[in-house]
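Single-structure report; data block below.
Protein chains: 2
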Amino acid sequence: MTRNAERPVGPAVFAPVPGFRAASAASGMRYRGRPDLGLLVADPCRGAAGVFTRNLCPAAPVIWSRGITGGRAVLVNAGQANAQTGKKGLEDSRACAEAAAGRCGLKPSEILLASTGVIGDPLNMGALLEALPGLCAGLSPEGLEGFARAILTTDTVVKAERAEGAGPEGAPYTVWGCAKGSGMIAPDMATMLAFVLTDLPCSPAFLLDALRKGAGASFNRITVDGDTSTNDSLFILSSGAAGGPALESAESPGAGRFREILTGLLMNLARRIIDDGEGATKTVTVTVKGAASPREAEAAARAVAESPLVKTAFFGEDPNWGRVLAALGRSGASLDPYRVDLFLDSVHWVKDGIDNGREAEARQVMRRRSYSLTALLGRGDAEASVLTCDLSRGYVEINGSYRS
Amino acid sequence: MTRNAERPVGPAVFAPVPGFRAASAASGMRYRGRPDLGLLVADPCRGAAGVFTRNLCPAAPVIWSRGITGGRAVLVNAGQANAQTGKKGLEDSRACAEAAAGRCGLKPSEILLASTGVIGDPLNMGALLEALPGLCAGLSPEGLEGFARAILTTDTVVKAERAEGAGPEGAPYTVWGCAKGSGMIAPDMATMLAFVLTDLPCSPAFLLDALRKGAGASFNRITVDGDTSTNDSLFILSSGAAGGPALESAESPGAGRFREILTGLLMNLARRIIDDGEGATKTVTVTVKGAASPREAEAAARAVAESPLVKTAFFGEDPNWGRVLAALGRSGASLDPYRVDLFLDSVHWVKDGIDNGREAEARQVMRRRSYSLTALLGRGDAEASVLTCDLSRGYVEINGSYRS
Numbered sequence: 001m002t003r004n005a006e007r008p009v010g011p012a013v014f015a016p017v018p019g020f021r022a023a024s025a026a027s028g029m030r031y032r033g034r035p036d037l038g039l040l041v042a043d044p045c046r047g048a049a050g051v052f053t054r055n056l057c058p059a060a061p062v063i064w065s066r067g068i069t070g071g072r073a074v075l076v077n078a079g080q081a082n083a084q085t086g087k088k089g090l091e092d093s094r095a096c097a098e099a100a101a102g103r104c105g106l107k108p109s110e111i112l113l114a115s116t117g118v119i120g121d122p123l124n125m126g127a128l129l130e131a132l133p134g135l136c137a138g139l140s141p142e143g144l145e146g147f148a149r150a151i152l153t154t155d156t157v158v159k160a161e162r163a164e165g166a167g168p169e170g171a172p173y174t175v176w177g178c179a180k181g182s183g184m185i186a187p188d189m190a191t192m193l194a195f196v197l198t199d200l201p202c203s204p205a206f207l208l209d210a211l212r213k214g215a216g217a218s219f220n221r222i223t224v225d226g227d228t229s230t231n232d233s234l235f236i237l238s239s240g241a242a243g244g245p246a247l248e249s250a251e252s253p254g255a256g257r258f259r260e261i262l263t264g265l266l267m268n269l270a271r272r273i274i275d276d277g278e279g280a281t282k283t284v285t286v287t288v289k290g291a292a293s294p295r296e297a298e299a300a301a302r303a304v305a306e307s308p309l310v311k312t313a314f315f316g317e318d319p320n321w322g323r324v325l326a327a328l329g330r331s332g333a334s335l336d337p338y339r340v341d342l343f344l345d346s347v348h349w350v351k352d353g354i355d356n357g358r359e360a361e362a363r364q365v366m367r368r369r370s371y372s373l374t375a376l377l378g379r380g381d382a383e384a385s386v387l388t389c390d391l392s393r394g395y396v397e398i399n400g401s402y403r404s
Numbered sequence: 001m002t003r004n005a006e007r008p009v010g011p012a013v014f015a016p017v018p019g020f021r022a023a024s025a026a027s028g029m030r031y032r033g034r035p036d037l038g039l040l041v042a043d044p045c046r047g048a049a050g051v052f053t054r055n056l057c058p059a060a061p062v063i064w065s066r067g068i069t070g071g072r073a074v075l076v077n078a079g080q081a082n083a084q085t086g087k088k089g090l091e092d093s094r095a096c097a098e099a100a101a102g103r104c105g106l107k108p109s110e111i112l113l114a115s116t117g118v119i120g121d122p123l124n125m126g127a128l129l130e131a132l133p134g135l136c137a138g139l140s141p142e143g144l145e146g147f148a149r150a151i152l153t154t155d156t157v158v159k160a161e162r163a164e165g166a167g168p169e170g171a172p173y174t175v176w177g178c179a180k181g182s183g184m185i186a187p188d189m190a191t192m193l194a195f196v197l198t199d200l201p202c203s204p205a206f207l208l209d210a211l212r213k214g215a216g217a218s219f220n221r222i223t224v225d226g227d228t229s230t231n232d233s234l235f236i237l238s239s240g241a242a243g244g245p246a247l248e249s250a251e252s253p254g255a256g257r258f259r260e261i262l263t264g265l266l267m268n269l270a271r272r273i274i275d276d277g278e279g280a281t282k283t284v285t286v287t288v289k290g291a292a293s294p295r296e297a298e299a300a301a302r303a304v305a306e307s308p309l310v311k312t313a314f315f316g317e318d319p320n321w322g323r324v325l326a327a328l329g330r331s332g333a334s335l336d337p338y339r340v341d342l343f344l345d346s347v348h349w350v351k352d353g354i355d356n357g358r359e360a361e362a363r364q365v366m367r368r369r370s371y372s373l374t375a376l377l378g379r380g381d382a383e384a385s386v387l388t389c390d391l392s393r394g395y396v397e398i399n400g401s402y403r404s
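Written out as C-alpha cells, the structure reads:
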C-alpha cells in the first residue's frame with residue numbers, strides 16, 4: 001500500500017460519480033457548528049449491500065439496515081451512536097428512515113441508516129428532523145466531499161478514495177469510497193463507517209460477496225485498540241449509470257477486475273483510518289510469515305499489533321524487540337523462540353531469536369512515519385498481516401480527557 | 001480485599017520468618033546505586049515449589065528453575081531478564097547457580113533463579129559474580145526487607161504481606177510473601193515475580209498444589225496491559241521451623257486453613273501489584289455475574305478489564321458505560337444487550353442495557369482510588385472477577401519514553 005502522507009485527498013477525488021447525489025448538513029444534534037448529517041442517494045439503484053459489526057450489542061441503525069434488502073439511499077449522523085437505546089432507539093431509526101424517504105420520494109424500506117458517536121445517547125430527534133428537509137433539498141452530484149466530511153467524529157482528516165476501471169465491454173466505470181475512523185478500530189470490522197459507490201451495474205448478491213471478501217482483506221485487518229464497535233457498517237451501492245451488462249456473480253466477465261479494484265480501494269481506506277488513528281504518530285504493518293496455520297498467523301500478528309507494550313515502543317521509537325518476542329510467545333501460535341527472525345522494513349533486527357546487532361539501523365526505521373515489522377516463525381507456510389498504529393500520549397488524551 | 005492505600009507495608013511485615021535468611025546487594029549490573037540482587041535461603045528446607053509463565057519464550061532462569069525439584073534457595077536479579085539470550089543465557093544461569101551454591105554451601109541444583117528486566121539483554125555476569133560473595137555473606141534473618149526492595153524494577157513501592165496461622169497441633173506459623181510488578185501484567189501469570197515463605201512443614205507436592213490454586217485466584221486474575229511476560233515466576237519455600245506434622249496433601253489436618261491463608265496472601269500481593277501498575281491511578285475490580293459458563297464469565301470480565309477505551313474512561317473518571325457494553329458485546333460471551341445491568345460499587349448505573357439516570361453518582365464512584373464495576377448478564381450462574389487498573393498518560397510515559 002502506498003503511503004497516504006504522500007497521497008493527500010485532492011479535490012479530484014470528489015468529482016461526481018454518475019448516478020449518485022449526496023448532501024450534508026449541520027443539525028447541531030450533538031456537535032456545534034459543523035456538518036453532522038450526510039445523505040447519499042443512488043438514482044437509479046441497481047443493487048446495494050452492507051456488512052456489519054459482529055458485536056452482540058449492535059446499534060439501532062445496524063439492526064435497521066440489516067433488515068433492508070433493497071437499499072437505494074444512506075442517511076448517516078455523527079455524534080450520537082443510537083446504540084443501547086432500546087426500543088426508543090429502533091423507533092427513532094424508523095422515524096429517521098420515514099422522514100428521509102418522504103422528502104426524497106423513496107420508501108422507508110429503501111433507506112439504509114448509519115450512526116457514529118457516543119453509545120447510550122438517544123438521538124436528538126428534534127434537531128435531526130428539523131435539519132432533514134434542508135439536507136434532502138441539498139442533494140447534488142457535487143455533494144460527495146461534504147458527505148465525506150459530515151460523517152467524521154474524532155477523525156482529523158477526511159478519508160476518501162477513487163478508482164477507475166473498464167467494464168466487460170470496455171466502458172469506463174468508477175468506484176468511490178469514503179470512511180470514518182478513528183478509535184474503537186479493531187476486528188471484526190473496525191469502529192468505522194464506510195460507503196462505497198460505483199456506477200458499474202452489479203447485482204446485490206454479487207456486491208455482498210465482493211464486499212465481504214474485500215472487507216476481510218482490509219477493514220478486518222486493522223486495529224487501533226482492539227475494541228470493536230456497536231456501529232461498524234460498510235455499504236456499497238451501484239447506480240448502474242455506466243451501462244453495459246450487470247455483474248451478477250463472480251463468474252461474470254469483468255467481475256475479477258472489479259473485485260480487485262474494490263479490495264484495493266478498501267485497503268487504501270483502511271490505511272487512511274490507521275494513519276489517522278486516535279493519537280497515532282506511526283503506522284506499522286505487522287506481518288507474520290512461516291506460521292503453522294492461517295489461524296496461528298493471524299493470532300500472532302494480532303497479538304503483536306495489539307500489545308500495549310509493543311505499541312508504546314513504536315511511539316517511543318525504541319527498538320525493544322523483546323516485547324515483540326514476548327507478544328508472539330503468548331499469542332497462542334506455536335513457535336520455537338530460537339527460530340524466530342524479525343525484520344523492521346529490510347533491517348534484519350533479530351536472528352534466530354537473538355539480537356542481531358542492528359539497533360542503530362532499527363532505530364532509524366522506527367523514526368519513519370510508516371514501516372513494516374515482519375516476524376518469520378519458521379513453522380509452516382501460513383502468513384497474515386495486520387495494520388496498526390502506535391499507542392501515544394494522544395490516545396490517552398483523546399479517550400481519557402473528554403467523552404468522544 | 002482491603003484497600004492497600006489504607007494498609008501500608010510497615011516494618012513488622014519484615015520481621016524474621018523462622019528458618020529463613022535473606023540478603024540483598026547492589027551489583028550495578030544494570031541499575032546504578034540501588035540494590036538489584038536478592039537471595040533467600042531456607043535452612044532447613046522441607047519443600048519448595050514454583051509456577052511459571054506459559055509464554056512460549058520463557059527466560060533462561062525460568063527454564064532452569066522448572067528443572068529444579070529440590071530447591072532450597074532463590075537468587076534474583078532485577079534489570080536484566082536473561083530472556084531470549086539463547087545458549088549463552090542458559091550457561092549464564094548455570095554459572096549463577098554454581099557461584100551462589102559454592103558460596104552458600106549448597107548444590108547448584110538447590111538454587112532456584114529468577115530475573116526481571118529488559119528482554120534480550122545478556123546478564124552482566126562480571127558485575128553479578130563480583131557482587132555475589134558480599135550478597136551471600138550478608139544473609140541474615142533480618143534481610144527480608146532488603147530482599148523485597150532489591151527485586152523491584154519500575155515498581156514505585158515495595159510489596160509484601162505477612163499472615164499468621166495455627167498448625168494442626170496449635171503451634172503458630174507464618175506465611176510471608178513479597179512481589180514485584182508492574183507492567184506486562186496479565187494472565188497467565190502477570191509479569192511478576194513473587195516469593196512466599198512459610199515455616200510450616202509442607203511437602204513439595206502439597207506446596208505445588210496449593211500454589212497453583214492460589215495463583216488461579218490471584219495472580220492469574222489481574223491485568224495491567226494484557227501482556228504476559230517471559231519471566232513470570234512464583235515460588236514457595238517451607239522451612240518447617242514451626243515444627244509439628246508436615247502437610248502432605250489437601251487431606252492433611254490444617255491443609256484447608258493453610259490454603260486459605262496462602263490464597264488470601266497471594267490475593268493481597270496481586271492487589272498491591274495492580275495498585276502500583278505502571279502509571280495506574282485507579283484500581284478496579286471487574287466482576288461479571290450471571291454468565292452462561294465460567295469460561296464466558298472470564299472472557300467477558302477480561303474483555304472489559306483489558307479494553308483500552310474502558311481503561312482510559314477509568315483514567316478520565318468518565319462514566320461512559322457504552323464502552324463497557326461494547327466490550328461485553330465483543331467478548332465472545334453470550335448476552336442480550338437489553339438484559340445487561342451494570343453497577344459501579346453500589347450505584348445501579350445501567351438497567352436492562354439502558355442508562356439508569358445515575359450519572360452524577362457514577363461519577364462520584366469513579367473519583368475513588370479503588371472501586372468495583374459489576375456486570376450482570378442474566379444468562380446463567382457463572383461469575384468471574386479480574387482486577388485491573390486504568391490506562392493513563394503515565395503508562396505511555398513509562399513505556400514509550402525509555403526502555404523499562
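Chain order of the listed sequences is A and U. The working numbering numbers the first residue of the first sequence as 1 and each following residue consecutively. The working numbering numbers the first residue of the second sequence as 1 and each following residue consecutively. Using N, Cα and C, we set each Cβ at its ideal position, and we do this for glycine too.
U:Q80 at chain A interface by Cβ criterion, 8 Å
no
Inspect the CB distances between the region 226 to 243 of chain A and the region 128 to 141 of chain A and report whether three or more fall short of 8 Å.
no
What residues of chain U sit near A:T198, judged by a beta carbon separation below 9 Å?
Here the premise fails: no neighbours, minimum Cβ distance about 31 Å.
Would the beta-carbon of U:D276 fall within 8 Å of that of U:T156?
yes
Using a 10 Å radius around the Cβ and a threshold of 16 neighbouring Cβ atoms, would you call A:T174 buried or exposed?
buried
Report buried or exposed for U:R221, applying the criterion of at least 16 other Cβ atoms within 10 angstroms of its Cβ.
buried
Taking the beta strand (DSSP E) that U:Q80 falls in, what are its first and last residues?
73 to 80
Proximal residues, the region 331 to 353 of chain A versus chain U, C-beta separation under 7 Å:
L335, P337, Y338, G353
Cβ closer than 8 Å: which chain U residues qualify as neighbours of A:S229?
A326
Neighbour list for U:Q84 in chain A, Cβ cutoff strictly below 7 Å
G322, L325, P337, G353, I354
Taking the alpha carbon of U:P319 as the point to measure from, which residue in U:A250, U:D345, U:A382, U:P122 has its own alpha carbon closest?
U:D345
Inter-residue Cα distance where the pair is A:P201 and A:T287:
36 Å
Label A:M189 either buried or exposed according to how many other C-beta atoms from any shown protein chain fall within 10 Å of its C-beta, with 16 as the threshold for buried.
Note that A:M189 scores 38 on pLDDT, short of 50, meaning its location in the model is unreliable; the coordinates nonetheless yield the value given after this. It is buried - the Cβ of A:M189 has at least 16 other Cβ atoms within 10 Å.
In the structure shown, what three-state DSSP assignment does A:C408 receive?
What is shown of chain A runs 1 to 404, which leaves residue 408 of chain A out entirely.
When the Cβ atoms of the region 146 to 162 of chain A are set against those of the region 17 to 30 of chain A, are three or more pairs found closer than 8 Å?
yes
Output the distance between the C-alpha atoms of A:R30 and U:L197, rounded to the nearest integer angstrom.
58 Å
Under three-state DSSP, which class holds A:P108?
helix
So what does DSSP say about A:V17, is it helix, strand or coil?
coil
Check whether the Cβ of A:C419 lies closer than 8 Å to any Cβ atom in chain U.
A question about residue 419 of chain A goes unanswered here, because the residues of chain A that appear run from 1 up to 404.
DSSP three-state assignment for U:T230, whether helix, strand or coil:
coil
What residues of chain U sit near A:N77, judged by a beta carbon separation below 7 Å?
Per Cβ cutoff of 7 Å: no residues; A:N77 is ~16 Å from chain U at best.
Continuous alpha helix (DSSP H) stretch holding A:F315: start and end:
308 to 316
Give the interface partners of A:S391 over in chain U, defined as CB-CB distance under 9 Å, in chain order.
The residue asked about is misnamed: residue 391 of chain A is Leu in this sequence, not Ser. Those are P308, L391, Y395, V396, N399, G400, listed as they occur along chain U.
Return no unless some Cβ of chain U is closer than 8 Å to the Cβ of A:L56.
yes
Mind checking who A:C202 pairs with in its DSSP beta bridge?
A:L247
Excluding five sequence neighbours on each side, which residues of the same chain lie with their C-beta closer than 6 Å to the C-beta of U:A255?
L247
Chain A partners of U:T312, CB-CB under 7 Å?
V396, N399, G400
Going by CA-CA distance only, name the one from U:I63, U:V74, U:L106, U:A97 that's closest to U:T85.
U:I63
Taking contact to mean 3 or more Cβ pairs, one atom from each stretch, closer than 8 Å, check whether the region 361 to 371 of chain A and the region 313 to 331 of chain A are in contact.
yes
Inter-residue spacing [alpha-carbon to alpha-carbon] between A:P308 and A:A42
43 Å
Under 6 Å Cβ to Cβ from U:L27, same chain only, skipping five residues before and after it: list those, please.
Inspection of the sequence shows that residue 27 of chain U is occupied by Ser rather than by Leu. D36, L37, A127, L128, A131.
Report the three-state DSSP secondary structure of A:L37 (helix, strand or coil).
strand
Amino acids of chain A, ordered along the chain, whose beta-carbon sits closer than 8 Å to that of U:F219:
Going along chain A, no residue has its Cβ under 8 Å from U:F219, so there is no contact; the nearest lies around 15 Å.
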